[in-house]
Structures are given as structure tokens and as C-alpha cells.
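Just below is one structure, and these are the notes that go with it.
Residue numbers (the numbering used here): 1045 to 2056.
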């Protein structure tokens, strides 16, 4: 029998502790009288040491907060006899329960040679198989609510290595890889049953990321743009978020992770050519290069994958020393190691085949690529960036993944450490290696070639080693000069490791990273957005158009919204022509028509008000727009895009719409001005004042109140306001003069007395001002009679006509809405064959009921008009306007010629709006040409300076318009147009309208005083 070996030193006994060991440096007390053999004290110290080891392991495993930041992790090397290391493995594995953990047990199968006739597997295949096992174990477990880890880059490398394509010719190889990549991109769920299960697990996990993000984004956009969207489109936009998010989840969960993520292959250093110009530019070319290396690796058998082979650095990477031998550990015999190209030169025979060197290089390059892809997937899975805060899963992971390797798993650990040393990038993987003390895990050496020292100690020194590791890391600010923490366990520690109960330390998931939070937030956003869209739908009629309290649809449209059913045809023509302008590619300017397109109480016009005046103005603008499109020629002339703004009945919401016009101008620089605003009301005046704050050119069509353009201070006038119609002062003076003189050729005697009926509505500036001016200009004999509504008007008429002294003439200064009741009241009163002179506002009423008025022998009606087709009857042919024929053609094209006369557009209002739009776009053309136009890109608007438009309007020469002479701001007061026509029209018994008096000029060469 050989003599028994001497007992091993007990590190817990100072008397037997090895010199220089950590335990040997400790003393039990200050006097050094600790007993040599105290089982209780020894057990207690071992118990506390194991507890400290497990607690520090938890500290390493638990991830710091975002404020603390992620730090590189060491390699924990647990050495000792099998019983002790096996107990340590069980204890560490139990502590990692429910978190990403992979256990590489020693291989139980012996390596056997390949069957006869088959080429043996290359060495990288064994490492790839171990890594595949690691990735599956790490992805198998995740805390509740957290997504499982994914390894798309690693899976892509494995897929490329498994490709079976022709490799005999470069072109066939590239084409085969390209077809395989294209087919893989189109696959959603493919592969083995496990792959499909992983796919649906990924779907369930990643649904919490993109799906809430897309749903929230579309909900917020839909709520923000609710005013600009229709109800159907708004709801569809909200529902589109979950649909797009679901598709995004499918893309993330499939095997192919996307072109953007795979750009990493071009940035990583392994298997890459030294010259930058030869580097792969996409996944396909990288896969071709990888397959070329695979072919080299398989070309020469290299024997046992675990056998020692020369370490050859990858091309483009400086030589990196291999992991140091165990000789760096105290008490181990020295084992010098030479690495790099020198090692290969020493081991290679002078005549060794060059292919073996290429095979070694290819195998090591592929192994490094596999490990680097594996580590990069972990980095991306744990990446916390403020600009990626929506990736909740990365913020919710509070523990690092742990890889525990036993036995031959240390080869994988050595490759991991080698890749870490080359890339110098931290990763979240905590590596634990167990085995006997004489096993070499080969940690990396310093660039100079010296072995890296290893921090070694018993379990009770684990906390000190961990603190020293932190200090070294803070000093180096990199991976650290010390990469390995060696913990020596002994058989006496095994029972303690098996029975000890140390509470597992963890970190609570951040509140803002709770998995239910995104869904609660998104549900609230979607619900609020739906409420917002549906509420807007009840209060809005369309994009940019809201529903007012009276039920009217108020706002700005591009012609596509129909404010009233009988306006649909002309609005449709404007919308069609707008599309034509935008599609033409020619420069254009935008004009906003500002009118009242609805009646109170309903969203559409009532049957008793056909809005023929507004209908006419829209038709006139549509004619001008069509004329410009037809005359576009070489594209040097601006075309006109028209926006339609409805201010509601009686311009009730004119101020709100005026503010919307200003917002539209800020949004769309092609808007050059506004036409319309054809009634003299307080709301219109306020709207003009609002538009005047930004000097928006405004050309009113038929509003005649003298002070309509006066500023709010009452002392000055708005220079950007250009009234086209003559003012009340001229209208009242002409009417009073004609009433005093009579119309002898029509049997109208001179009037010596007149009753002036005036509407007393406070907001109506027109009727009170016109009535007062007529009374003043008529002089003695004129009496003003006020009324508030149609019923009061009939009562006033009855009272006036019941007097003994009846008026010789009645002047109606009210609105057209009550004129029918007014005529009926006079016809039924005691005033017979009374002459009624009315203002221009009743023009359309006369057009609609001219025949009935002509046949009414009790009442003789004549009115002052701003325009009349019959006024051109006696004008020389060369000066006549063709507008009225063009309007008739338009009415026929729009299939409105069969409508009753009461539903047709008013010709008199149409010609006024036509001239207003023509003058505005003409001034814009002058300004645009002065800027050097055409300067707009194809299909873009002509950006016209509105200051230039204002200047052009001021400097505009006399124009022979279709409604008469146009010279804006040409009157003596500098605020009104020069010599605009004022016409006195009578109605013959057959309903024909005849112009019997005229002031102003129809064209520049006409004598303005011939008929006035």
C-alpha cells in the first residue's frame, strides 16, 4: 500500500491555511488564540462564505437601473472537486429560476469519426450546436410580462451556413444565395415545429411593442386632425394603427429581421476583407463570402473540434493573444503559451499544405462570427435608449442572462472572451464556468502578451473580489484588466450549498415598464380619439368645416363640399377645375370666395331661399376660373384655384371664418386674397377688419355701405379693402334725383312726397344708412318709416296708405327677404297705382317674379341696379360684353337650364363676382410677372407677394369689365371705384326689364353724364 497523502490544508484553519491564500491572511481574533480544530466555527465561516457568494452572485446578475447604467460583467470561474462544483451549479441554477439562463453540461457522447465516405463535420459545427442550445435555453424562460429573448442575427448566420447552393462558379453561387434570401424574406412562419412555436411566442410577446405604438400614433394623429378628416376616414385611421401594428409584429416575429438590422454584418470585423472597397454591401454579398469561408473550412479535415489548434487572427484585426493558461492561477505549474502567427509558424511544418492554414482561418473566423452575432443579439435585446423608450421590453429586463458552462463548455467561454477582447464592446451576458482547478478557461491576455492576472479567493471573499473588480473597471473605463473572478469551493462546501436558503435578490420592474401600461395608455388614447372623431363628426361637416349652433355647415372648402343641394353643380365645377389646375403643372394662385351659402336653422338652404345671389356669384367665379384654364397657353399666366368659405346665413359667423382664412393663408402661401362679402352688415365689417390686420386684399362684390372699410378706431380706412360696387351715398343721391325728376317716358310723374321704409335690424348697416341718405337727398317731403320684420312691415304699409295724404312714391330700403310681403301689402292697401322704387338688393326678386310684377296694375315697380343685361342693348357692338352668353352656356353644361327661374343663378350677381375675381387674379399676374415669373416648379403654386398684389390693385388701369368700368380706389374719396354703373330699371307689363336711367360708365369711352 502506498503511503496516504498528507491532508490538504484547511483554509478555515489559520494553522493549516496555505501561505499567501486569502484565508491565511485573516486571524480569528487579535490575540491569535483561535482553536486549531473548531468544527462549529469552521462551519459557520463556510456558511457565511456561501451566503456571501450567493448574495454577490445576485448583485452581478441583477441589472442596475438606467440611471446607474449597464456595466461589463466578469467571468465567474468556480473551481474545485466535482461534488463541490456540482452543488454550486445547482445552487446558482436555482437562483436563476424564471430568468434567462442557459446551462451547458459536459458532453456525454464521445466524438466518433464520420461514417465511411462522408466528410467529417468542420470544427465550427460543434460550437454552433452549443450556441444553438444556449440561445434556445435563454429564449425559453422570461419573467411574467416580459418578452422572450430573440437571436435574429445568430439565426441568420446559422441559416447562411446551412444554405445548399451551387458553389462551383461565383455567378451561380451569388444567384443561388440571392434566390434563397428573397425566398426567406417572404416567409412569415417556417421551419421546424419548435421554430413555429417560437414564432407565435414572439408574436404574443412583441405585440406589446409595435402594436401599442402604432395604435397610439394613429389615435393621436386622428384626434389632432379630426377637424380635417371625415368621420369614416377618421375612424379608419384609428383602426389602421392596430392593423399596421399587427403586421409589424409579424415582421418582427418571423425569421427574417429586416434589412436595417442586418446592416450589422457589414460593420462587424470578422470574415471581412482588409480593403474597404471590397467589403460586402448587403446581406446577399455577405452570405456569399460566408459560404466561401465555409467551403475552405470543410476542405481539409482538422480532427477533433476540441483539440488544440493554432490561433489565427482574422484578417484586418491585429493579433490578439489567446486566453491565458491556468499558470496565472496561484499554485498552478507554469505553462507558457505562444499565440498568434508565431504559434502557427512553430507548429507548421515547412511543407505543410496551404489549405490547412486557410481551413484554420476559416473555422476560427466562422466561430468568432457566430459568437459575435450571439452577443450582438443580447446587446440589442438589452439596449436602453431614450429615443427608443417605446421598447418597453428592454427597460423591463431587470436581470442579466446567465450562461453556466461545465466541462467542455469552457471552449465556448474562451471564444466569447476572445470576441469581447477584439470588439471591445460590453454585453449583458454573465458567464459562470465550473470545473477542476487544472482546467484552462483561457481568459484573454493583455495586448503586450503578458498573462492577465486572475482575482482568486474563497466564497467568503467574493464581495471583496467584486468590489475590487468595480474599482478596476472604474480605473480602466473599458472591459477591465481583470476579466476573471475565481471562486474556490471545497467538498465541505457542498452540503451547505445544497441546503442553504438565501433569499434571492432581485430588482422590481420599473413602474413605467409594466406590461399593462402600454395597453392602458393605448386604450385610453383610442377611446379618446374615437370620442374626439365622433364628437367632431357631430359638430363638423367635413375637413375645415364645422357645424354651427344653427345647424349650418360653416368653414372653408376646396369646392368638394356641397353646402346646399342646388349649389352642387356649380361647386362641382369649381372642384373639378381646381383639380385641373393642380394637375396642370402650371403656376397658380388661390382666391377665397367669402359668402353666405346656407340659411339659418338648417345645414342646407331652405326651399323659400334659393340663394340665387350666391349661386350667381359662384357661377361667375367658375366662369373666370374656366377662362383662365383655357387661356393658360405656355404656362406663363397664373391659373386660379378657388376656395369657398361659408360664413352662414346673414354672415353670422363671418368673424370666425375670417380668422380661419388667416390660418389658411399662413398654411398656404398661394392664397392672394378674398372676393365676395357682398352684404353690408356689422359681421362683414368685422371680418374685413380682421383680414385687414394682415393686409389681405379684399374685393367686395355688391356691398355698398360707405364706411364698410373703416377701421375699428373709426378714424381711418383699411387700404387693403377694395369695394367694387358704388357706395350708398351715390346710390341714394341718384335714386332721390330720379324720384324727384320722374320718368316721363314711362308715365312716372315727379314725386313731391316719399315714404322711405327702412329695416331697423341693428346688425344691418345697409338699409338704415341707405334710407337715411335717401331721406336727406330727397329733401322735404320724405318720411322715414322703420320696421323690424315682415309682419311689422305689412302693418306699417297699411298705416301709411290709410292716411288721407298718401305718398306719391315709396322708396324701399330694406332687404329682398321682405320685399314680396311689401308688394303684396301695398297691392292690398288703399294706395293704388303707387310707384315703388327699390334698392339693388331686390334685384334677384325682380328677376324671379318679373312677369307677376309687370302684370300687377296696382303697383308700379322700378329699382336701382348695379348691373343689368339690358343695359348693353344700346351699346355699340365693339364694346358689348359676351359674359351673359357664356353664363347661359355654363348653365346648360351644368344641366340647370330646365330649372325654374327662381332656382337659376342670378346673372347680375354673377357678373359682379366674375369681375372681382378677374381684377384680383389680374393684379396677381402683374405682381407675379414683376417677380420674374414664371418661377414656380412644375405643379407648384405661384408664390405671389401679397404686397405686390396690393400695389398692383392700387396702380391698376381702367378696365372695361363685364359689369362696367373698373377703376378701384379711383373715386375722389380714394376709397371706392371710379364711375361704377348705377342703373334704374323698370318692369314692363310683359315682364321685360328696361334700363331707363344710368349713372357711371359701362366702358371707358362712354359718356358718363348722358343718362344720369
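Note that the Cβ used here is the ideal one computed from N, Cα and C, for glycine as well.
Item	Value
Within 10 angstroms of the Cβ of residue 1991, are there 16 or more other Cβ atoms? Answer buried if so, exposed if not.	exposed
Should residue 1734 go down as buried or exposed, given a rule of 16 or more other Cβ atoms within 10 Å for buried?	buried
Closest by CA to residue 2047, which one among 1911, 1174 and 1606?	1911
Residues in the same chain with beta-carbon distance under 8 angstroms from residue 1589, minus the five sequence neighbours each way, listed in chain order, please.	1597, 1598, 1599, 1600, 1601, 1605 and 1690
Express the C-alpha separation of residue 1628 and residue 1438 in angstroms, rounding to a whole number.	51 angstroms
Which stretch, first to last residue, makes up the alpha helix (DSSP H) that contains residue 1773?	1772 to 1785
Cutting at 6 angstroms between CB atoms, please list the residues of its own chain near residue 1615, excluding the five before and the five after it.	1603 and 1606
Taking the alpha carbon of residue 1869 as the point to measure from, which residue in 1291, 1885, 1891 and 1846 has its own alpha carbon closest?	1846
Could you tell me how far apart the beta carbons of residue 1997 and residue 1967 are, in whole angstroms, since I believe they sit closer than 8 angstroms?	5 angstroms
Between residue 1442 and residue 1106, which are expected to be in contact by the criterion C-beta below 8 angstroms, what is the C-beta distance as a whole number of angstroms?	7 angstroms
Taking 8 angstroms as the cut-off, decide whether the C-beta atoms of residue 1445 and residue 1182 are in contact.	yes
From 1136, 1127 and 1326, pick the residue whose C-alpha is nearest to that of residue 1099; which is it?	1136
Taking 8 angstroms as the cut-off, decide whether the C-beta atoms of residue 1548 and residue 1139 are in contact.	yes
If distances are taken between C-alpha atoms only, which option among 1126, 1722, 1169 and 1763 comes closest to residue 1478?	1126
When we look at the beta-carbon of residue 1634 and count the other beta-carbons within 10 Å, is it buried (16 or more) or exposed?	buried
Report the rounded CA-to-CA distance for residue 1469 versus residue 1461, giving the unit in angstroms.	11 angstroms
Roughly how many angstroms lie between the CA atoms of residue 1385 and residue 1409, to the nearest whole one?	Confidence at residue 1385 is low in this model, with a pLDDT of 38, below 50, so the placement of that residue is unreliable and no value is reported for it.
With a threshold of 6 angstroms on Cβ separation, who are the neighbours of residue 1662 within its own chain once the five nearest residues in sequence on each side are excluded?	1614
Per DSSP, which residues does residue 1863 bridge with? Please list them.	Per DSSP, none; premise fails for residue 1863.
Along the chain, where does the beta strand (DSSP E) containing residue 1147 start, and where does it finish?	1145 to 1148
Considering Cα atoms alone, identify which of 1852, 1773, 1864 and 1817 is closest to residue 1833.	1864
Could you tell me the alpha carbon to alpha carbon distance between residue 1732 and residue 1886, rounded to whole angstroms?	24 angstroms
Can you tell me whether residue 1969 is buried or exposed? The criterion is at least 16 other CB atoms within 10 Å of its CB, across all chains shown.	buried
Could you tell me the alpha carbon to alpha carbon distance between residue 1564 and residue 1210, rounded to whole angstroms?	53 angstroms
What three-state label does DSSP hand residue 1140 in the structure shown?	coil
Just checking, does the segment 1143 to 1151 make contact with the segment 1112 to 1121 on the three C-beta pairs under 8 angstroms criterion?	no
Return the residue from the list 1796, 1769 and 1804 that minimises the CA-CA distance to residue 2043.	1769
If you run the structure through DSSP and keep just helix, strand and coil, what is residue 1879?	strand
What would DSSP say about residue 1110, mapped onto helix, strand or coil?	coil
With a CB to CB cut of under 6 angstroms and the five nearest residues on each side skipped, what residues in its chain are close to residue 1193?	1144, 1182, 1183 and 1425
Taking the straight line between their C-alpha atoms, what separation do you get for residue 1788 and residue 2028?	14 angstroms
On the three-state DSSP scale, how would you describe residue 1906?	strand
Would residue 1783 and residue 1855 be called neighbours here (beta carbons separated by less than 8 angstroms)?	yes
Secondary structure at residue 2067, three-state DSSP: helix, strand or coil?	Summary: the structure shown does not reach residue 2067, with the chain confined to residues 1045 through 2056, and so no result is reported for it.
State the Cα-Cα distance for the pair residue 1008 and residue 1195, rounded to the nearest angstrom.	This structure cannot settle anything about residue 1008, because the visible part of the chain is limited to 1045 through 2056.
Decide if residue 2036 is buried, meaning its Cβ has at least 16 other Cβ atoms within 10 Å, or exposed.	exposed
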